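Report on the following structure.
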Amino acid sequence: MGAIFRREMKAYFTSPIAYIFIAVFYVYTGYFFVMGNIYSGTTEMSNLFATVFTIMMFLLPLLTMRLFSEEKKQKTEQALLTAPVNLFEIVFGKYLAAMVVFLISMGIYIIYALVLYGMAGNLSIATFFGNMLGLLLLGMAFISAGIFASVLTENQIVSAIVGFIFNMLMYMIDVIAASVTVAPIKSVLQSLSFYTRYYEFTTGIINIGSVIFFLSVAFIFNFLTVRVLEKRRWG
Amino acid sequence: MIEVKNLTKHYGQKKAVNDLSFTVNDGEILGFLGPNGAGKSTTMNILTGYISSTEGQALINGVDILEEPTKAKKEIGYLPELPPLYLDMTVREYLNFIYDLKKCKLPRKAHLEDICALVKITDVYDRIIKNLSKGYKQRVGMAQALVGNPPILILDEPTVGLDPMQIIEIRTLIKKLGKKHTVILSSHILSEIQATCDRIIIIDHGTIVADDTTENLTKLVTNDNKLIVRIDGPKEEVEKMIKGISGVVTVRADMEREPGIFEYDIEVAEGKDIRRELFKRVADRSWYILGMKNTELTLEDIFLKITMGEKVVLSNEKASEKAVEELDKMSEENSEEKESEE
Chain A
2 MGAIFRREMK AYFTSPIAYI FIAVFYVYTG YFFVMGNIYS GTTEMSNLFA TVFTIMMFLL
62 PLLTMRLFSE EKKQKTEQAL LTAPVNLFEI VFGKYLAAMV VFLISMGIYI IYALVLYGMA
122 GNLSIATFFG NMLGLLLLGM AFISAGIFAS VLTENQIVSA IVGFIFNMLM YMIDVIAASV
182 TVAPIKSVLQ SLSFYTRYYE FTTGIINIGS VIFFLSVAFI FNFLTVRVLE KRRWG
Chain B
25 MIEVKNLTKH YGQKKAVNDL SFTVNDGEIL GFLGPNGAGK STTMNILTGY ISSTEGQALI
85 NGVDILEEPT KAKKEIGYLP ELPPLYLDMT VREYLNFIYD LKKCKLPRKA HLEDICALVK
145 ITDVYDRIIK NLSKGYKQRV GMAQALVGNP PILILDEPTV GLDPMQIIEI RTLIKKLGKK
205 HTVILSSHIL SEIQATCDRI IIIDHGTIVA DDTTENLTKL VTNDNKLIVR IDGPKEEVEK
265 MIKGISGVVT VRADMEREPG IFEYDIEVAE GKDIRRELFK RVADRSWYIL GMKNTELTLE
325 DIFLKITMGE KVVLSNEKAS EKAVEELDKM SEENSEEKES EE
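The listed protein sequences correspond, in order, to chains A and B.
Numbering of the first sequence is given in my numbering, commencing with residue 2 and proceeding in unit increments.
Numbering of the second sequence is given in my numbering, commencing with residue 25 and proceeding in unit increments.
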């Protein structure tokens with residue numbers, strides 16, 4: 002696992018992809034930070050966390066699109082799959098690498114918080130922590146979905162688009178739920194809503210149910226990725 | 025030791041490998057010979073755990089590759105048809121990655137240096153793989169298979185894309201490796217397999233058509249009864265003269281190789297040697313022999329020869345039986361085709 006993680010980290014930072022990802026993330030959140038916090042003169046960061054949901058739907062698939070598609074295209078997966086390693090190790094090594102790049106991006110929020118604290122002198126640490134946790138969990142779910150998309154195809158563009166569609170569907174669950182009239186289905190769909198759950202975090206509420214929900218989504222997608230690799234052997 | 029029992033692999037309707045059984049003993053160099061699409065790569069991919077078999081079993085040193093893949097994979101170094109190289113890495117980074125990936129316990133620096141010296145890539149150690157030539161890439165692929173010093177090496181067409189010098193180097197290397205490792209290598213080139221392997225398995229359409237020592241199969245190739253002779257003399261008369269020699273079955277004038285000089289394909293009855301008689305008769309008529317050679321059998325000829333059930337020395341009787349069965353099947357199919365055409 003360590004070997005795969007290190008290789009992916011190196012690949013992220015020897016190609017422009019990680020830099021572009023981080024830069025876009027910083028610019029986007031930086032804009033909302035300046036407009037929403039500095040100019041508005043507020044230390045309330047919930048809005049800043051809420052706006053990042055949309056950009057993550059687009060950005061994270063770009064981070065994960067290469068992970069398995071490229072291996073398949075370049076036939077390097079043959080080295081991975083014939084090496085004495087467990088499939089979970091392969092998937093988890095890649096997952097971890099994408100997570101670290103994401104964490105580096107997320108780290109900018111700590112600077113935002115410090116700036117606000119320095120300017121205003123007070124900041125709700127608990128709310129900030131809740132927000133960060135929510136963002137982290139959302140990233141975990143989106144990245145696992147992106148990796149799953151990437152294991153399905155050897156074309157990176159297709160992989161990115163499929164990943165985006167997955168994220169979009171998770172986002173759209175709300176819209177779908179709103180149009181469903183059958184009460185039980187509606188409530189099931191609503192409980193699956195990513196945005197509602199994430200939004201809850203941005204208001205400073207840490208719901209254990211939501212924590213488990215996001216962790217489960219991440220686990221399920223990673224598990225499916227392993228199954229696809231496993232199944233490919235049998236194809 | 026590798027034991028393969030009744031291995032079958034379907035790709036949808038198509039049977040890529042059909043009921044393959046063979047054993048490779050420790051320290052043996054086994055050559056897999058067959059035309060493209062015969063099932064060589066598929067078999068190798070199954071042995072290395074890259075894909076699974078539909079039926080049957082593959083045991084690597086007694087460990088089933090499907091049941092305990094991690095344990096079995098530890099025993100194998102694999103060079104696939106296309107070397108699995110990360111083009112954005114340097115050779116150093118790549119081999120270190122493979123070293124970590126295989127969870128190798130040998131002293132890292134010394135081990136990797138040894139391998140590089142062995143496959144002669146020390147001078148490109150710090151270059152990015154993308155920029156290497158095909159021959160070097162192939163050798164980096166070879167190095168990758170050797171990391172961890174696995175007892176079994178499986179090499180899928182290891183000399184493809186190399187220049188003649190490199191081919192000879194790689195062959196020598198494989199022979200050297202064969203002293204300490206069990207090696208399976210595949211090729212569609214007969215002479216290559218002949219040069220390196222102790223034993224040859226010929227497969228076609230996913231089935232074994234021959235399984236014998238290189239020596240025996242080589243005999244089969246050289247015990248040939250076709251001659252190609254280039255004679256300076258009047259074409260019709262030469263043909264008539266050759267036909268007159270006892271033991272000649274057919275004569276056919278080939279192309280005009282030099283102005284007025286033809287090459288003649290002569291088929292001789294089994295066991296007859298007409299070369300001396302031919303020389304004498306040509307000399308008597310004041311013509312000249314400008315060249316004489318045995319036709320080299322191509323892989324296709326060997327297939328034909330084996331599947332035609334000629335007097336082939338086969339230690340594996342089952343294989344020849346199978347071959348005959350297959351031939352029957354083929355002729356049936358042919359006649360069916362003809363019928364449908366009508």
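Ideal Cβ positions, reconstructed from N, Cα and C, are used throughout, including at glycine.
This structure is a prediction, so every number in the text was calculated from the model and none was measured.
Cα-Cα separation, residue i to residue j
| i | j | result |
| --- | --- | --- |
| Leu338 of chain B | Val171 of chain B | Low local confidence applies: a pLDDT of 40 at Leu338 of chain B is under 50, so the model's placement there is unreliable, and no value is given. |
| Ala307 of chain B | Glu301 of chain B | 10 Å |
| Ser344 of chain B | Ile226 of chain B | Confidence in Ser344 of chain B is poor, its pLDDT being 49 and thus under 50, which makes the residue's placement too unreliable to answer from. |
| Ser65 of chain B | Pro59 of chain B | 11 Å |
| Met173 of chain A | Thr52 of chain A | 16 Å |
| Asp235 of chain B | Ala161 of chain A | 49 Å |
| Gly122 of chain A | Ile112 of chain A | 14 Å |
| Cys140 of chain B | Arg305 of chain B | 59 Å |
| Pro93 of chain B | Pro85 of chain A | 7 Å |
| Ala19 of chain A | Val102 of chain A | 7 Å |
| Ser215 of chain B | Ser77 of chain B | 30 Å |
| Glu56 of chain A | Gln190 of chain B | At residue 56 of chain A the sequence reads Ile, which differs from the Glu that was named. Taking the straight line from one Cα to the other gives about 52 Å. |
| Ile39 of chain A | Leu104 of chain A | 24 Å |
| Arg132 of chain B | Ala99 of chain A | 28 Å |
| Phe165 of chain A | Gly147 of chain A | 8 Å |
| Arg163 of chain B | Phe59 of chain A | 41 Å |
| Arg299 of chain B | Val273 of chain B | 14 Å |
| Val253 of chain B | Glu239 of chain B | 27 Å |
| Gln218 of chain B | Leu179 of chain B | 16 Å |
| Gln79 of chain A | Leu130 of chain B | 23 Å |
| Met2 of chain A | Thr183 of chain B | 32 Å |
| Thr30 of chain A | Gln37 of chain B | 54 Å |
Candidates the options: closest to residue i by CA position
| i | options | result |
| --- | --- | --- |
| Met316 of chain B | B:Met279, B:Lys250, B:Lys264 | B:Lys250 |
| Ile213 of chain A | A:Phe89, A:Leu63, A:Leu60, A:Leu138 | A:Leu138 |
| Lys368 of chain B | B:Ile178, B:Gln168, B:Ala219 | The question about residue 368 of chain B has no answer here: the residues shown for chain B are numbered 25 through 366. |
| Ile207 of chain A | A:Gly135, A:Lys11, A:Ile166 | A:Gly135 |
| Arg234 of chain A | A:Lys74, A:Ser180, A:Thr83 | A:Thr83 |
| Lys76 of chain A | A:Tyr199, A:Ser188, A:Val35, A:Thr154 | A:Thr154 |
| Asp43 of chain B | B:Asp50, B:Leu31, B:Ile53, B:Leu54 | B:Leu31 |
| Thr15 of chain A | B:Asn155, B:Met68, B:Met113 | B:Met113 |
| Ala96 of chain B | B:Lys161, B:Glu105, B:Leu83 | B:Leu83 |
| Gly230 of chain B | B:Lys38, B:Gly63, B:Lys161, B:Pro174 | B:Gly63 |
| Leu201 of chain B | B:Ile176, B:Thr183, B:Ala219 | B:Ile176 |
| Thr226 of chain A | A:Thr128, A:Ser70, A:Tyr29 | A:Ser70 |
| Asn69 of chain B | B:Thr319, B:Leu106, B:Arg309, B:Asp228 | B:Leu106 |
| Glu228 of chain B | B:Lys154, B:Gly61, B:Glu291 | Correcting the residue identity first, residue 228 of chain B is Asp in this sequence and not Glu. Here the closest residue by C-alpha is B:Gly61. |
| Leu61 of chain A | A:Ile144, A:Asn156, A:Ser151, A:Pro185 | A:Ile144 |
| Leu186 of chain B | B:Tyr35, B:Ser157, B:Thr72 | B:Ser157 |
| Ile23 of chain A | A:Phe33, A:Leu63, A:Phe195 | A:Leu63 |
| Leu17 of chain B | B:Leu57, B:Asn49, B:Gln37 | There is no way to answer for residue 17 of chain B, as the model of chain B reaches only from 25 to 366. |
| Lys203 of chain B | B:Arg116, B:Asp222, B:Gly271 | B:Asp222 |
| Lys95 of chain A | A:Ser194, A:Phe33, A:Ile177, A:Met66 | A:Met66 |
Simplified DSSP state of residue i, which is helix, strand or coil
| i | result |
| --- | --- |
| Met66 of chain A | coil |
| Asp289 of chain B | strand |
| Thr72 of chain B | coil |
| Asp175 of chain A | helix |
| Asn120 of chain B | helix |
| Asn30 of chain B | strand |
| Gln81 of chain B | strand |
| Asp235 of chain B | strand |
| Ser45 of chain B | strand |
| Tyr12 of chain B | Given a span of 25 to 366 for chain B in the structure shown, any question on residue 12 of chain B remains unanswerable. |
| Glu301 of chain B | helix |
| Asn318 of chain B | strand |
| Arg132 of chain B | helix |
| Thr154 of chain A | coil |
| Gly271 of chain B | coil |
*asked:* Closer than 9 Å between beta carbons: that is the criterion. Which residues of the region 11-23 of chain A meet it against chain B?
replied: Lys11, Ala12, Thr15, Ser16
_Residues of the region 269-285 of chain B with Cβ closer than 9 Å to any Cβ of chain A, in chain order_ = none
*beta strand (DSSP E) segments (min. 3 residues) lying fully within the region 206-233 of chain B*: 206-211, 223-228
*Given a limit of 7 Å on CB to CB distance, which residues of the region 63-95 of chain B reach chain A?*
Thr72, Gly73, Tyr74, Ile75, Ser76, Thr94
*Residues of the region 120-141 of chain B whose Cβ lies closer than 9 Å to any Cβ of chain A, in chain order*: Asn120, Phe121, Ile122, Tyr123, Asp124, Leu125, Lys126, Lys127
_Complete runs of the alpha helix (DSSP H) confined to the region 59-107 of chain A [at least 4 residues]_ = 67-74, 78-83, 88-107
*Please name the residues in the region 72-99 of chain A whose beta-carbon is closer than 8 Å to at least one beta-carbon of chain B, in chain order.*
Of all residues in the region 72-99 of chain A, Gln75, Lys76, Thr77, Glu78, Gln79, Ala80, Leu81, Leu82, Thr83, Ala84, Pro85, Val86, Asn87 have a Cβ within less than 8 Å of some Cβ in chain B.
*With 9 Å as the limit, tell me which residues of the region 202-223 of chain A have their beta carbon closer than that to any beta carbon of chain B; keep them in chain order.*
none
*Secondary structure, alpha helix (DSSP H): runs of 4+ residues fully inside the region 178-222 of chain A*: 184-192, 195-203
_Members of the region 174-193 of chain A that neighbour chain B once the beta carbon cut-off is set at 9 Å_ = none
*Mind listing, in chain order, the continuous beta strand (DSSP E) runs of no fewer than 3 residues lying wholly within the region 135-191 of chain B?*
176-180
*Check distances from the C-beta atoms of the region 162-194 of chain B to those of chain A and list, in chain order, the residues that come in under 8 Å.*
The residues in question are Gln168.
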